[in-house]
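Quick note on numbering: the working numbering labels position 21 of the sequence shown as 94, and the sequence is numbered without any gaps.
Each residue gets a CB set at the ideal place from its N, CA and C atoms; glycine is no exception.
In this text, all values refer to a predicted model and were calculated from it rather than measured experimentally.
Report on the following structure.
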Amino acid sequence: MQTQIQGPNLQLLRAGLGLLLLAASAVPAAAQNATARPAVPMDSARATLLYVSNRPEDHPPADYQGHIAAKARTDSIFAARSRGVMEYR
Numbered sequence: 074m075q076t077q078i079q080g081p082n083l084q085l086l087r088a089g090l091g092l093l094l095l096a097a098s099a100v101p102a103a104a105q106n107a108t109a110r111p112a113v114p115m116d117s118a119r120a121t122l123l124y125v126s127n128r129p130e131d132h133p134p135a136d137y138q139g140h141i142a143a144k145a146r147t148d149s150i151f152a153a154r155s156r157g158v159m160e161y162r
C-alpha cells in the first residue's frame with residue numbers, strides 16, 4: 074500500500090525541501106568567503122632548535138634499570154615522609 078501526499082501537505086513538503094536545499098548550499102558558500110590568514114614569518118633557527126628526529130639511532134639509549142632504581146628511591150622517600158598522614162602503597 075502506497076500513500077500519496079496531495080494538496081497543501083504536498084506544497085508544504087516541497088517548500089520545506091526547497092528551504093533545506095537552499096540552507097545546505099548556503100553553508101559552503103559562507104565558508105568560502107572567510108578571510109585568509111596572514112603569512113607567518115619562518116624562523117629557521119628556532120625550527121632547528123625545536124626539531125626532534127624520528128630516527129631511533131639519533132636518540133641516546135635509555136637506562137631503564139637506572140630509571141627503575143630512581144623511582145624506587147623516590148617512592149621510599151615519599152612513603153617515609155607521608156608515614157602517619159596517609160598509607161602509601
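First and last residue of the uninterrupted alpha helix (DSSP H) at residue i
i	result
S149	137 to 154
A118	117 to 123
Nearest-angstrom Cα separation, counted from residue j out to residue i
i	j	result
A142	A109	54 Å
D148	D116	43 Å
R162	A120	44 Å
N93	A107	According to the sequence shown, residue 93 is Leu rather than Asn. Answer to the nearest angstrom: the Cα atoms are 23 Å apart.
G91	A112	40 Å
Q77	L86	12 Å
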